[in-house]
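> This is the structure I want to talk about, given as structure tokens.
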Amino acid sequence: MYEIDAKGMYYRKLNELVRKAVGDGEKEILLKNVNGQYYIGDGIREKVKIIIEGVPGNDLAAFMDGPTIIVKDNAQDNIGNTMNSGKVVVHGHAGDVLGYGMRGGKLHVLGDVGYRVGIHMKGLKKQIPVIISGGTAGDFLGEYMAGGILILLGLDEKSDRPLVGDYIGTGMHGGSIFIRGDVDKTRCGAEVGVMEPDDKDMKTIRECLKEFCEDFALDLEEIMKKPFKKLVPVSARPYGNLYAY
Amino acid sequence: MFKSLAPPDYLATIDTDKCIRCKRCIQNCGWSVYSWGGDRVLIDTMKCVKCLRCYHYCPVEAIQILDNPVKFKPNAYWSYNNIRNIKKQAETGGMPLTGMGSDLPYPILFDRLLLDACQVTNPSIDPLREPMELRTYLGKKPSKVEVERGEDGELRLKTKMPPQIRLEAPFIFSPMSFGSISLNAQKVLAMAAKECGIIMNTGEGGLHEDLLSYRDHIMVQVASGRFGVNPEYLNAGVAVEIKIGQGAKPGIGGHLPGEKIPLEVAKTRMIPVGTDALSPAPQHDIYSIEDLRQLIYAIKESTNYKPVSVKIATVHNVAAIASGIVRAGADIVYLDGFRGGTGAAPTIIRDHLGIPIEHAVAAVDDRLRQEGIRNEASIVAAGGIRSSADAAKAIALGADAVAIGTAALITMGCTVCGKCYTGNCSWGITTQRPELTARLDPEVYAERLVNLIHAWAHELREILGALGINAVESLRGSRERLRGVGLDDQTLDILGVKPAGR
Numbered sequence: 091m092y093e094i095d096a097k098g099m100y101y102r103k104l105n106e107l108v109r110k111a112v113g114d115g116e117k118e119i120l121l122k123n124v125n126g127q128y129y130i131g132d133g134i135r136e137k138v139k140i141i142i143e144g145v146p147g148n149d150l151a152a153f154m155d156g157p158t159i160i161v162k163d164n165a166q167d168n169i170g171n172t173m174n175s176g177k178v179v180v181h182g183h184a185g186d187v188l189g190y191g192m193r194g195g196k197l198h199v200l201g202d203v204g205y206r207v208g209i210h211m212k213g214l215k216k217q218i219p220v221i222i223s224g225g226t227a228g229d230f231l232g233e234y235m236a237g238g239i240l241i242l243l244g245l246d247e248k249s250d251r252p253l254v255g256d257y258i259g260t261g262m263h264g265g266s267i268f269i270r271g272d273v274d275k276t277r278c279g280a281e282v283g284v285m286e287p288d289d290k291d292m293k294t295i296r297e298c299l300k301e302f303c304e305d306f307a308l309d310l311e312e313i314m315k316k317p318f319k320k321l322v323p324v325s326a327r328p329y330g331n332l333y334a335y
Numbered sequence: 170m171f172k173s174l175a176p177p178d179y180l181a182t183i184d185t186d187k188c189i190r191c192k193r194c195i196q197n198c199g200w201s202v203y204s205w206g207g208d209r210v211l212i213d214t215m216k217c218v219k220c221l222r223c224y225h226y227c228p229v230e231a232i233q234i235l236d237n238p239v240k241f242k243p244n245a246y247w248s249y250n251n252i253r254n255i256k257k258q259a260e261t262g263g264m265p266l267t268g269m270g271s272d273l274p275y276p277i278l279f280d281r282l283l284l285d286a287c288q289v290t291n292p293s294i295d296p297l298r299e300p301m302e303l304r305t306y307l308g309k310k311p312s313k314v315e316v317e318r319g320e321d322g323e324l325r326l327k328t329k330m331p332p333q334i335r336l337e338a339p340f341i342f343s344p345m346s347f348g349s350i351s352l353n354a355q356k357v358l359a360m361a362a363k364e365c366g367i368i369m370n371t372g373e374g375g376l377h378e379d380l381l382s383y384r385d386h387i388m389v390q391v392a393s394g395r396f397g398v399n400p401e402y403l404n405a406g407v408a409v410e411i412k413i414g415q416g417a418k419p420g421i422g423g424h425l426p427g428e429k430i431p432l433e434v435a436k437t438r439m440i441p442v443g444t445d446a447l448s449p450a451p452q453h454d455i456y457s458i459e460d461l462r463q464l465i466y467a468i469k470e471s472t473n474y475k476p477v478s479v480k481i482a483t484v485h486n487v488a489a490i491a492s493g494i495v496r497a498g499a500d501i502v503y504l505d506g507f508r509g510g511t512g513a514a515p516t517i518i519r520d521h522l523g524i525p526i527e528h529a530v531a532a533v534d535d536r537l538r539q540e541g542i543r544n545e546a547s548i549v550a551a552g553g554i555r556s557s558a559d560a561a562k563a564i565a566l567g568a569d570a571v572a573i574g575t576a577a578l579i580t581m582g583c584t585v586c587g588k589c590y591t592g593n594c595s596w597g598i599t600t601q602r603p604e605l606t607a608r609l610d611p612e613v614y615a616e617r618l619v620n621l622i623h624a625w626a627h628e629l630r631e632i633l634g635a636l637g638i639n640a641v642e643s644l645r646g647s648r649e650r651l652r653g654v655g656l657d658d659q660t661l662d663i664l665g666v667k668p669a670g671r
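Chains as they are written, first to last, in our numbering: chain A, 91 to 335; chain B, 170 to 671.
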């Protein structure tokens, strides 16, 4: 495993070293003492594994297309911005605006996630982006969502945070959100329908969660015991009648 | 269903004596105005938009498109458009859409500004005989340059130059996405850009594989919908543009309806066929200058530091916003004025939001100079550049280059009918209907667009020659070479221009 000590290093230098290591054919890169450096993994197209010790800064894995990034701590905002493929696993909490415009790949966060998570996520054929949070989420979850899967688990029963904030799925016109627990319809955007997941949905949830549980050594059956709600757009054309021609 | 109470704008008429029943009008009209009635052509004039395709293709001049004389009673306050839009809204409950830039009679400052020329005391230059430099580099410029003498005794630039986009003339094509315009129209722009040594811009619609061979003349755009954006796309062109706003619809998102997303458009945008392509009004990862900086540098990190342009609509506080954009690390600030075109925008937004490009360029150039950061970014002026004179005036007010959208479409047959949003463009420009797009032969029309750019370049050389300067660089921000006609003191002050006679 190739190691880089990021202690006190400017992000530009760190990312240059990471890109160089990827270019040199390294398959596994360990970044030690990371402390808020921005843009780690951005735009990398090779199927490498990057392990981060410490808290990476904003825009982790932006425009990323292939790598797997393991964060052993918390992570900050804008993870997986317009990500095309690959995977990010965060062993702590993560910040706001995760997976903006994400088109593929996976983002697994063990803890809570912030506001505006999964905005304008998309899907295309076999490319289905998946964001799973084991904790709670803030407002505007899945706003403008056009595809992909968002799963919110609320695993910490003792948490005093609400499971999810307001304005869920505002402007949603594709994809699905699965929430483990009850969802108040008044907290959802007008474009969202709340329903019970069918067998096919449960199969999808199980498939997604299997990998999530492997990442964090969790008990899948225990998680599946509690019922889910499914949130989907009521129309693929939410603004079809807005205009006069 | 009763007949709409909004009367038709135009009366399509056919002189039946002249008509030879060749049916070319029926074939050519994208709006289905004409149909065959057995012995003559039938006309549904409600659908006519006066794009003149039928007129041009009628071999016997039998067609006339008249302005409808049966309009509402003339009223200086309640215009025809006011009354008609109210009736349309009463019938549909929707927002009337429009295409192209605003056509309302707001004052046009370009037409109130005149350029200087040399007489007697300082000689003008004949560009036909003497070299005249139009080459323009877009990008950050260092605040000072150092040179050093190499071992071979030659002087070399020691300062490492930030990346630059080289243009053979100070023109670029404005962003127009595949989806808003046809692939053939984009090919015209790409071929002409290559031939003229300038660049085109993909707009927010991804980059079709057919355009990859023009990559050295393409800027790719990233906007709120992130359509077609992946690392390959970001690295495909010479630069990346972050679109914040558009002059025709400041603060408004985009909305390409599902029925206008056939296979090729969907593939290029990387979305499923037939779903709506919604571009949210703001980019929800940008709520501040700091956030913008974060995206600029995320793109730079992903492209090994290609130049990044930030496009905004010119709004009231444009100077302060532009200063923030430059400080956020942008290499180019693209200002899209109030008159800027669009494929589709609510009419009420297009006609009533924003400020004209003339005020905006002057204000931004002033502000960046005052703050000592004018060299940190190039300014591109856009939004209603109709001629090389507009271009020269915009450059004298402080722009590095101008962007051309509508003018480029006019070379492809566009008559500025303003119905781009219907997707029925009979000229094959703003449509995805294969039988219509096939009319636009990229090679034929690229030649016309090249002609236009060459003609404007010649005119610009003549203007520079008359001014007695031999490089467009010398005109840049040289407001002393402009005079205002009939402008009030405050406007002159904003423009930094003296009144004619002073």
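Cβ coordinates follow ideal geometry from the N, Cα and C atoms, glycine included.
1. Taking all protein chains shown into account, do 16 or more other C-beta atoms lie within 10 angstroms of the C-beta of residue 118 of chain A, making it buried, or fewer, making it exposed?
2. Just to confirm my understanding: we take residue 170 of chain B, look at its own chain, exclude 5 residues before and 5 after, and list those with CB closer than 7 Å. What are they?
3. For a contact meaning CB atoms closer than 7 Å, what does residue 470 of chain B contact in chain A?
4. Using a Cβ-Cβ distance cut-off of 7 Å, determine whether residue 395 of chain B contacts chain A.
5. Please list the terminal residues of the continuous alpha helix (DSSP H) segment that includes residue 504 of chain B.
6. Between residue 535 of chain B and the ligand MN, is there a pair consisting of the residue's CB and a ligand heavy atom that are separated by less than 6 Å?
7. Below 8 Å, can you find three or more Cβ-Cβ pairs linking the region 612 to 630 of chain B to the region 248 to 260 of chain B?
8. Which residues in chain A have a C-beta closer than 8 Å to the C-beta of residue 399 of chain B? List them in chain order.
9. The alpha helix (DSSP H) that contains residue 628 of chain B, what's its start and end?
10. Output, in chain order, the set of chain B residues within a Cβ distance shorter than 7 Å of residue 149 of chain A.
11. Output needed for residue 224 of chain B: all residues of its chain with C-beta closer than 7 Å, excluding positions within five of it in sequence on either side, in chain order.
12. Under DSSP, the alpha helix (DSSP H) around residue 528 of chain B begins and ends at which residues?
13. Pull up the CB-CB distance for residue 546 of chain B and residue 499 of chain B, whole angstroms please, since I reckon it's below 8 Å.
14. Look up residue 373 of chain B in the DSSP assignment and say whether it is helix, strand or coil.
15. Listing by chain order, which chain A residues have their CB less than 9 Å from the CB of residue 447 of chain B?
16. Express the C-alpha separation of residue 671 of chain B and residue 404 of chain B in angstroms, rounding to a whole number.
17. What number of angstroms, rounded off, separates the C-alpha of residue 553 of chain B from the C-alpha of residue 636 of chain B?
18. Just grab the DSSP bridge partners of residue 572 of chain B for me.
19. Could you say which of B/236, B/228, B/209 lies nearest to residue 219 of chain B if we only look at CA atoms?
20. Tell me the DSSP secondary structure of residue 105 of chain A in three-state form.
21. In this structure, does DSSP put residue 264 of chain A in helix, strand or coil?
22. Can you pull the chain A residues whose beta carbon is under 8 Å from the beta carbon of residue 440 of chain B, in chain order?
23. Take residue 617 of chain B and list the residues in its own chain whose beta-carbon comes closer than 8 Å to its own, dropping the five residues that flank it on each side.
24. Looking only at its own chain, which residues have a Cβ that is under 8 Å from the Cβ of residue 252 of chain A, when we skip the five neighbours before and after it?
25. Consult DSSP for residue 223 of chain A and reduce its assignment to one of helix, strand or coil.
26. Compare the beta carbon distance of residue 346 of chain B and residue 373 of chain B with 7 Å and say whether it is the shorter of the two.
27. Counting only Cβ-Cβ distances shorter than 8 Å, please list the residues of the region 212 to 230 of chain B near chain A, keeping chain order.
28. Do the CB positions of residue 215 of chain B and residue 333 of chain A come within less than 7 Å of each other?
29. Taking Cβ positions only, does residue 263 of chain B come closer than 7 Å to chain A?
30. Checking contacts by CB at 7 Å: is residue 170 of chain B closer than that to chain A?
31. Of all the CB atoms in chain B, is at least one closer than 7 Å to the CB of residue 251 of chain A?
32. For the alpha helix (DSSP H) that contains residue 660 of chain B, what are its first and last residues?
33. Beta-carbon of residue 108 of chain A versus every beta-carbon of chain B: anything under 7 Å?
34. Could you check what DSSP says for residue 294 of chain B in three-state terms: helix, strand or coil?
35. Rounded C-beta distance between residue 611 of chain B and residue 356 of chain B? I'm assuming under 8 Å.
Put simply:
1. Counting from 1 along the first sequence, the entry for residue 118 of chain A is found at position 28. Exposed: under 16 other Cβ atoms inside 10 Å.
2. In the second sequence, the residue the question calls residue 170 of chain B occupies position 1. Because the pLDDT of residue 170 of chain B is 48, which lies under 50, any placement of that residue in the model is unreliable, and the number read from its coordinates should be weighed accordingly. Answer for residue 170 of chain B: no residue qualifies.
3. The residue labelled residue 470 of chain B in the question sits at position 301 within the second sequence. Contact note: residue 470 of chain B reaches chain A through 105, 129, 132, 133, using a C-beta cutoff of 7 Å and chain order.
4. The sequence position of residue 395 of chain B within the second sequence is 226, counting from 1. Yes, residue 395 of chain B counts as interfacial toward chain A.
5. Residue mapping note: residue 504 of chain B aligns to position 335 of the second sequence, counting from 1. Run containing residue 504 of chain B: none in the alpha helix (DSSP H); it sits in the beta strand (DSSP E), 501 to 505.
6. No copy of the ligand MN occurs in the structure displayed, which carries no ligand at all.
7. no
8. On the second sequence, residue 399 of chain B is found 230 positions in, with the first residue counted as 1. Those within 8 Å of residue 399 of chain B in chain A are 153, 155, 172, 174, 193.
9. Taking the first residue of the second sequence as position 1, residue 628 of chain B is located at position 459. 611 to 636 is the span of the alpha helix (DSSP H), which, as asked, contains residue 628 of chain B.
10. Walking along the first sequence from the start, residue 149 of chain A turns up at place 59. Going along chain B in sequence order, the residues near residue 149 of chain A (Cβ under 7 Å) are 463, 467.
11. Residue 224 of chain B sits at position 55 when you count from the first residue of the second sequence. Closer than 7 Å at the Cβ level, and outside the excluded window around residue 224 of chain B, lie 232, 234.
12. Position 359 of the second sequence, counting from 1, holds the residue named residue 528 of chain B. Residue 528 of chain B -> alpha helix (DSSP H) spans 526 to 539.
13. Here residue 546 of chain B is taken as the residue at index 377 of the second sequence, counted from 1. Here residue 499 of chain B is taken as the residue at index 330 of the second sequence, counted from 1. Correct: roughly 5 Å between the Cβ atoms.
14. As a working mapping, residue 373 of chain B is identified with position 204 in the second sequence. Residue 373 of chain B falls in the coil class under three-state DSSP.
15. For this step, residue 447 of chain B is matched to residue 278 along the second sequence. What residue 447 of chain B touches in chain A: 210, 234, 236, 261, 263, 328, 329.
16. On the second sequence, residue 404 of chain B is found 235 positions in, with the first residue counted as 1. On the second sequence, residue 671 of chain B is found 502 positions in, with the first residue counted as 1. Approximately 50 Å between the Cα atoms of the pair.
17. The sequence position of residue 553 of chain B within the second sequence is 384, counting from 1. The sequence position of residue 636 of chain B within the second sequence is 467, counting from 1. So the alpha carbons of these two residues sit roughly 24 Å apart.
18. Within the second sequence, the letter at position 403 stands for residue 572 of chain B. For residue 572 of chain B, which the question treats as bridged, DSSP gives the partners B/341.
19. Here residue 219 of chain B refers to the residue found at position 50 of the second sequence. Here the closest residue by C-alpha is B/236.
20. For this step, residue 105 of chain A is matched to residue 15 along the first sequence. It is helical.
21. Counting from one through the first sequence, the residue named residue 264 of chain A turns up at place 174. If DSSP states are grouped into helix, strand and coil, residue 264 of chain A belongs with the strands.
22. As a working note, residue 440 of chain B is residue 271 in the second sequence. Going along chain A in sequence order, the residues near residue 440 of chain B (Cβ under 8 Å) are 212, 214, 236, 237.
23. By 1-based counting over the second sequence, the position of residue 617 of chain B is 448. These residues qualify, in order along the chain: 580, 581.
24. Within the first sequence, numbered from 1, the residue matching residue 252 of chain A stands at position 162. So the list reads 226, once near-sequence residues are dropped.
25. Position 133 of the first sequence, counting from 1, holds the residue named residue 223 of chain A. Note: residue 223 of chain A maps to strand in three-state DSSP.
26. Residue 346 of chain B sits at position 177 when you count from the first residue of the second sequence. Residue 373 of chain B sits at position 204 when you count from the first residue of the second sequence. For residue 346 of chain B and residue 373 of chain B, yes; Cβs fall inside 7 Å.
27. none
28. Translated into positions along the second sequence, residue 215 of chain B becomes position 46. Translated into positions along the first sequence, residue 333 of chain A becomes position 243. No, Cβ-Cβ distance for residue 215 of chain B and residue 333 of chain A is not below 7 Å.
29. Locating residue 263 of chain B in the second sequence gives position 94, counting from the first residue. Chain A contact via Cβ: present.
30. On the second sequence, position 1 is the one that residue 170 of chain B refers to. Any answer about residue 170 of chain B is weak, because its pLDDT of 48 lies below 50 and its placement is not dependable; what the coordinates show is given next. So no, residue 170 of chain B is outside the interface.
31. Residue 251 of chain A sits at position 161 when you count from the first residue of the first sequence. So, not an interface residue.
32. Here residue 660 of chain B is taken as the residue at index 491 of the second sequence, counted from 1. Per DSSP, residue 660 of chain B belongs to the alpha helix (DSSP H) from 658 to 664.
33. As a position in the first sequence, residue 108 of chain A is number 18, starting the count at 1. Not one chain B Cβ lies under 7 Å of residue 108 of chain A.
34. Position 125 of the second sequence, counted from the first residue, corresponds to residue 294 of chain B. Of the three classes helix, strand and coil, the one that applies to residue 294 of chain B here is coil, per DSSP.
35. Against the second sequence, residue 611 of chain B aligns to sequence position 442. Against the second sequence, residue 356 of chain B aligns to sequence position 187. Right, their Cβ atoms sit about 4 Å apart.
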